[in-house]
Each structure stands twice: as C-alpha cells, then as structure tokens.
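Notes for the one structure printed next.
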Amino acid sequence: MPPVNELPDLVGEFIDMSRQYLREQTVEPARRLGRLAGFSAIASFLFVLAAGFLGVAGTRWLLRVMPDGNIWSGLGYLLGSIGLLAVTGLVMWRATR
22 MPPVNELPDL VGEFIDMSRQ YLREQTVEPA RRLGRLAGFS AIASFLFVLA
72 AGFLGVAGTR WLLRVMPDGN IWSGLGYLLG SIGLLAVTGL VMWRATR
C-alpha cells in the first residue's frame, strides 16, 4: 500500500487516466459516428433530390412524345405518376428483402 502522502497524487493520476480513457473510448468514436451519420444524411438527401429530378425529366419526356391535347397531357401525367410509384414500390420491396 502506498504511503498516505502519495494518495492525492494517485487520485489525481486516476482522474486524468479516467478522462483520457473516456475521451478515447467513448467521445472520439461517437464524434466519428456523428460525422458518418451527417454524411449519410446528406447523401440520402441528394439521392432523393436526384430521383425527383429524374422523375420530372421522365414525365416531361413522356409528355413530349405523346400527341398534343389536354387528354393526352393528363394521361402523360397519370402514366408518369404510376411509373414513379412503381419504381418506389420496387425500391422498397428490394430494400426489405
């Protein structure tokens, strides 16, 4: 057992080592995990944005190749919506499989 006059130094060393351990084993990994979660959130937002733009572009292309007229335009929007719902359903089905 150490002498009594060394106990304050040992307690201070224990506290410093505990802080260092907590920082290395909990705070730093949590910080890296938060950074990864941030990048993942940004990537998912960009994928949603790209999917939306591709959906609008596909619908505009479909309207362009169809004949002129209000009925054909409505049918183009309907087919575009059904196509987007089908692609969304396919992605959800593959994600849960």
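Heads up, the sequence shown stops at 118 in our numbering, and the numbers go up one at a time, no gaps.
For glycine and all other residues, C-beta sits at the position ideal for the given N, C-alpha and C.
Where G90 falls, given that 16 or more other Cβ within 10 Å makes a residue buried: exposed
Confirm, please, whether the CB-CB distance from G97 to T80 is below 8 Å. yes
With a cut-off of 8 Å, do at least 3 Cβ pairs link the segment 50–59 to the segment 67–82? no
Is R115 helix, strand or coil by DSSP? helix
Please tell me whether P24 and L31 are closer than 8 Å, where the distance is taken between their beta carbons. no
Which same chain residues, not among the five before or five after L83, have their C-beta less than 7 Å away from its C-beta? G97, L100, G101
Which first and last residues belong to the alpha helix (DSSP H) in which Q41 is found? 28–43
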